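Q:
Number of protein chains: 2
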Amino acid sequence: MKVIRSVKEMQNTMLEQKSSGKSIGFVPTMGYLHEGHLTLIKQARRENDVVAVSIFVNPLQFGANEDLSTYPRDFERDSQLAEESGADYLFYPDASEMYPRPLAIKVTVGDRTDVLCGRSRPGHFDGVAAVLLKLFNIVVPDFAYFGMKDAQQVAVIDMLITDYNIPVTLKTVETVRESDGLAKSSRNVYLQPNEREEAVILNKSLNEAREGIINGERDPEKVLSFMRERIQQNSSGTIDYIELYSYPELKPVKEIKGTIIIALAVKFTKARLIDNTIISI
Amino acid sequence: MKVIRSVKEMQNTMLEQKSSGKSIGFVPTMGYLHEGHLTLIKQARRENDVVAVSIFVNPLQFGANEDLSTYPRDFERDSQLAEESGADYLFYPDASEMYPRPLAIKVTVGDRTDVLCGRSRPGHFDGVAAVLLKLFNIVVPDFAYFGMKDAQQVAVIDMLITDYNIPVTLKTVETVRESDGLAKSSRNVYLQPNEREEAVILNKSLNEAREGIINGERDPEKVLSFMRERIQQNSSGTIDYIELYSYPELKPVKEIKGTIIIALAVKFTKARLIDNTIISI
């Protein structure tokens, strides 16, 4: 596996692969790789001639009071894990390489962002869209792999690709979980021991809601208040949101039908965790 | 030459050429081709394996009171001229193919646009940037060709390519002129006979200003007031702007030095004409 830190070198290398007819699979990450990321890399490996992974903690998608400076980093470990999972190229630029000057042309995501994480993180998805527009142009992938844990991010990227005809196919992969059901996340390391135990209720309440819906519940309000109660009674975390929308449009629904997402965010002392489930009935 | 009207077909065709190692030269136009466009196509032909031309009158870059509906169109003639000049593919989508729904993700150009045409055409360059982002993704060119008549457009595209690492190299070509110096433009057909004669003063005053600067004039105000007088005395047109800036930054200068642009726009009865000159001292 080759580590590349320069935008120009990465782009030239990838364009060369592309012009020789090879398919490129791309897994963009912010590093501190866990099994969720590795699942994406392994799938990219199975489906492409060339696999590129990027590690870039994108400052543009962090708000002023968010955890940019404390976001966990471990390049040596990441590098080894990426190689073992089948990456051919690891793109690892620093912020001044990606943003040598402030962007003069801004990207604004005007749909699917006034809900869920978008509401509590203004500008977050603008930053996500901008960096992916850049990364897609640098890596020129045929396929890009994203985990469904960030379902709203997937919905936004889907719009970005459609609106601007980006020649990449989005591949989504199921959320990878710990044995007790907690969604894998780079931020889980910041949970205190009791919080780590309590955090199980996030996925558990989503599963209970799913079961309720499969058994006939059609009222979003009833589902959400049941979940709210379950999480409040079983954890010390503060609920940031628990919401239910159509997917991928992320529009409110009065009655549960078609494909919907239930998504939640809960704040613990040093980590804000997200999880979701998508249900088609 | 093959005419393609579908985004998907164009993109697949171009990606196939790209993956077989061929270089792609691209000339985006709004049609009604004149010698300026043909010069771009011929240069693309000399420098690339494959030449793609697009004809798309982009509604997003026209303001509410602008000439979208009356913008001149002649597809049969354009098609013949493009083929004769060396185009292999002519991409000719309609508006619903390019914008099946309103863009949910907007592009906003926040620099180099508060002057010249940007000032009198709010949102114009946002529309230009959005359509080029789409076209670059559809045509995947190695080289894209633009005329220097739209110097501000070139400055904006240069920023777009830099900000988002678009894997395309910008090629600019000198403004092509009639024998009397008038810049070729699709809109020249809307000049009345006396206006056509008067319009010669646009280029003439630019040349006179250039001469003055070469002979030592360094005061932008003096250059501009001289030009204003020359145009007012020799034409019935209304001056929209005559301005002088650093290039390509398009920042005001107090003293003429380095590379500068003098650009103007003059409104005649049914046509607004632009022209410019770039001077390096």
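In the order they appear, the protein sequences are chains H and P.
The first sequence runs 695 to 975 under the working numbering.
The second sequence runs 695 to 975 under the working numbering.
No residue lacks a Cβ here, since even glycine has one placed at the ideal position from N, Cα and C.
In this text the structure is predicted, and so the values were computed from the model without any measurement.
(1) Go through the segment 815 to 901 of chain P residue by residue and report every complete run of the beta strand (DSSP E) that reaches 3 residues or more, in order.
(2) Select from the segment 791 to 814 of chain P all residues with a C-beta closer than 8 Å to any C-beta belonging to chain H, and list them in chain order.
(3) Kindly indicate if chain P contains any beta-carbon less than 8 Å away from that of H:Leu827.
(4) Going by CA-CA distance only, name the one from P:Asn706, P:Ile973, P:Asp913, P:Ser974 that's closest to P:Asn831.
(5) Assuming P:Val894 and P:Ala903 make a contact with CB atoms under 8 Å, what is their CB distance in whole Å?
(6) Starting from P:Pro796 and walking both ways along the beta strand (DSSP E), at which residues does that stretch end?
(7) Could you give the residue range of the alpha helix (DSSP H) that holds H:Arg912?
(8) Would a C-beta distance cut-off of 8 Å place P:Met695 and P:Glu777 closer than the cut-off?
(9) Can you tell me where the alpha helix (DSSP H) holding H:Lys712 begins and where it ends?
(10) Along the chain, where does the beta strand (DSSP E) containing H:Ala746 start, and where does it finish?
(11) Are H:Val751 and H:Gly725 close, meaning C-beta to C-beta below 8 Å?
(12) So P:Gly804 and H:Ala798 are in contact, right, with Cβ under 8 Å, and what is the actual spacing, rounded?
(13) So what's H:Leu918 in DSSP terms, helix, strand or just coil?
(14) Does the beta carbon of H:Asn752 come closer than 8 Å to any beta carbon on chain P?
(15) Are the Cβ atoms of H:Leu896 and H:Leu958 separated by less than 8 Å?
(16) When you compare each of P:Asp857, P:Gln847, P:Lys843 to P:Arg871 by their alpha carbons, which one comes out closest?
(17) Which residues in chain H sit within 7 Å of P:Pro861, going by Cβ to Cβ distance?
(18) For P:Gln769 and P:Ser779, what's the separation of their Cα atoms in angstroms?
(19) Bridge partners for H:Tyr786 per DSSP, in chain order?
(20) Report back the beta-carbon spacing between P:Val960 and P:Ser929 to the nearest angstrom; my notes put them in contact at under 8 Å.
(21) Does DSSP put P:Ser779 in a helix, a strand or coil?
(22) Would P:Gly780 count as contacting chain H if we go by Cβ distances under 8 Å?
(23) Mark H:Asn888 as exposed unless 16 or more other C-beta atoms lie within 10 angstroms of its C-beta, in which case mark it buried.
(24) Report, in whole angstroms, the separation of the C-beta atoms of H:Met792 and H:Lys828, which I expect to be a contact under 8 Å.
(25) Tell me H:Ala938's beta-bridge partners as DSSP assigns them.
(26) I'd like the span of the beta strand (DSSP E) that includes H:Lys977, first residue to last.
(27) From the DSSP output, read off the bridge partner residues of H:Val809.
(28) Following the continuous alpha helix (DSSP H) through H:Gly730, name the residue where it begins and the one where it ends.
(29) Taking the straight line between their C-alpha atoms, what separation do you get for P:Asp808 and P:Asp857?
(30) Which one of P:Ile933, P:Tyr765, P:Pro787 has the shortest CA to CA distance from P:Glu703?
(31) Sort out for me which residues DSSP pairs P:Ile925 with in a bridge.
(32) Closest to P:Arg739 by CA distance: which of P:Ala838, P:Asp761, P:Leu826 is it?
(33) Does the beta carbon of P:Met842 come closer than 8 Å to any beta carbon on chain H?
(34) Just the Cα atoms here: how many angstroms apart are H:Asp820 and P:Ser899?
(35) Grouping DSSP H, G and I as helix and E and B as strand, with all else coil, what is P:Leu967?
(36) DSSP on P:Phe962, reduced to helix/strand/coil?
A: Working from what's here:
(1) For the segment 815 to 901 of chain P, whole beta strand (DSSP E) runs of length 3 or above, ordered along the chain, are 837 to 841, 863 to 867.
(2) If you check each beta-carbon in the segment 791 to 814 of chain P against every beta-carbon of chain H, the ones closer than 8 Å belong to Leu797, Ala798, Ile799, Lys800, Val801, Thr802, Val803, Gly804, Asp805, Arg806.
(3) With 8 Å as the cut-off, H:Leu827 counts as an interface residue toward chain P.
(4) If we check each option's Cα against that of P:Asn831, P:Asn706 comes out closest.
(5) That belief does not hold up - the Cβ atoms of P:Val894 and P:Ala903 are roughly 15 Å apart, past 8 Å.
(6) From DSSP, P:Pro796 is part of no beta strand (DSSP E); its letter is neither H nor E.
(7) Following the DSSP letters along the chain, one finds H:Arg912 in no alpha helix (DSSP H), marked with neither H nor E.
(8) In this structure, P:Met695 sits near P:Glu777, with a CB-CB distance shorter than 8 Å.
(9) It spans 701 to 713 - the alpha helix (DSSP H) in which H:Lys712 sits, taken as one unbroken run.
(10) For H:Ala746, the enclosing beta strand (DSSP E) stretches over residues 744 to 749.
(11) Yes, the pair counts as a contact, with Cβ atoms nearer than the cut-off.
(12) Yes, they are in contact, since the Cβ atoms of P:Gly804 and H:Ala798 sit about 6 Å apart, within 8 Å.
(13) Residue state, collapsed to three classes: helix.
(14) Under the 8 Å criterion on CB atoms, H:Asn752 is classed as non-interfacial with respect to chain P.
(15) The answer is yes: Cβ separation under 8 Å.
(16) Of the listed residues, the one whose Cα sits closest to P:Arg871 is P:Lys843.
(17) Simply Gln705, Leu709, Asn831, Val834.
(18) Going by the sequence as given, residue 769 of chain P is Phe instead of Gln. Cα to Cα, the separation comes out at about 15 Å.
(19) Answer by DSSP bridge pairing: none, since H:Tyr786 is not bridged.
(20) About 7 Å; that satisfies the 8 Å criterion.
(21) Here P:Ser779 sits in helix by DSSP.
(22) For P:Gly780, not one C-beta of chain H is nearer than 8 Å to its own C-beta.
(23) Taking every protein chain shown into account, the CB of H:Asn888 has fewer than 16 other CB atoms within 10 angstroms, so this residue is exposed.
(24) Between H:Met792 and H:Lys828 a beta carbon distance of about 7 Å is seen, short of the 8 Å cut, so the two are scored as contacting.
(25) Here residue 938 of chain H turns out to be Leu, not Ala, going by the sequence shown. Bridge pairing for H:Leu938: H:Ile956 [DSSP].
(26) Nothing about residue 977 of chain H can be reported from this structure: the residues present for chain H run from 695 to 975 only.
(27) Note: H:Val809 is not bridge-paired with any residue in the DSSP secondary-structure output.
(28) Unbroken alpha helix (DSSP H) run through H:Gly730: 729 to 741.
(29) Distance from the CA of P:Asp808 to the CA of P:Asp857, rounded to the nearest whole angstrom, comes to 18 Å.
(30) It is P:Pro787 whose Cα lies nearest to the Cα of P:Glu703.
(31) P:Ile925 has no beta-bridge partner at all, per DSSP.
(32) Of the listed residues, the one whose Cα sits closest to P:Arg739 is P:Ala838.
(33) No - not a single Cβ of chain H is within 8 Å of the one on P:Met842.
(34) Cα to Cα, the separation comes out at about 45 Å.
(35) Correct three-state label for P:Leu967: strand.
(36) In the three-state scheme derived from DSSP, where H, G and I count as helix and E and B as strand, P:Phe962 is classed as coil.
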